[in-house]
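Before any comments, here is the structure.
Numbering (the working numbering), first residue to last: 1 to 155.
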């Protein structure tokens with residue numbers, strides 16, 4: 001029961017609050033001040049929102065103006081990469097052909113070298129002294145015949 005009496009006493013005390021015109025005016029001034037502060041904050045928030053919207057719009061317009069150039073650059077880069085790929089393939093083919101040609105030339109040099117060695121060996125096997133002696137002997141035999149036939153040419 002004591003709890004019930006405390007509650008009734010509290011209700012009675014709250015009902016005894018005196019509302020004066022000064023307290024009403026003070027309350028209204030506080031509410032007006034709070035409302036003014038809220039209005040100022042909302043105006044700042046609106047200003048910041050508008051500034052943000054304008055900045056985002058400028059950013060979007062800037063990006064949209066740059067995108068065609070970026071796409072064109074990417075297209076040129078892709079074309080250049082294709083050309084480079086073709087050039088590398090051609091260079092690779094040329095290197096392979098050069099290697100094959102060098103292999104063929106190397107084979108020809110080896111064959112020619114062995115043939116030159118054979119020819120040099122054959123030249124070295126020639127008896128030049130005997131050949132010179134035979135040429136001198138032939139000259140000795142032919143000289144009298146030449147004189148003999150030369151005498152017929154004078155008539």
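By construction, the Cβ of each residue, glycine as well, lies at the ideal position given by its N, Cα and C atoms. Being a predicted model, the structure only gives us computed values, none of them experimental.
- Which same chain residues, not among the five before or five after residue 39, have their C-beta less than 6 Å away from its C-beta? none
- Item | The alpha helix (DSSP H) enclosing residue 96, as first and last residue numbers | 21-125
- Query: Whose C-beta lies closer than 7 Å to the C-beta of residue 10 among residues of the same chain, with five residues either side of it excluded?
  - Reply: At residue 10 the pLDDT is 48, less than 50, meaning the model places this residue with poor confidence; the figure from the coordinates comes in the next sentence. Around residue 10: no qualifying Cβ.
- Task: Measure the C-alpha to C-alpha separation of residue 127 and residue 100 and round it to an integer number of angstroms.
- Result: 43 Å
- Nearest-angstrom Cα separation, counted from residue 48 out to residue 28: 30 Å
- When DSSP labels each residue in this structure, what does residue 136 get in the three-state scheme? helix
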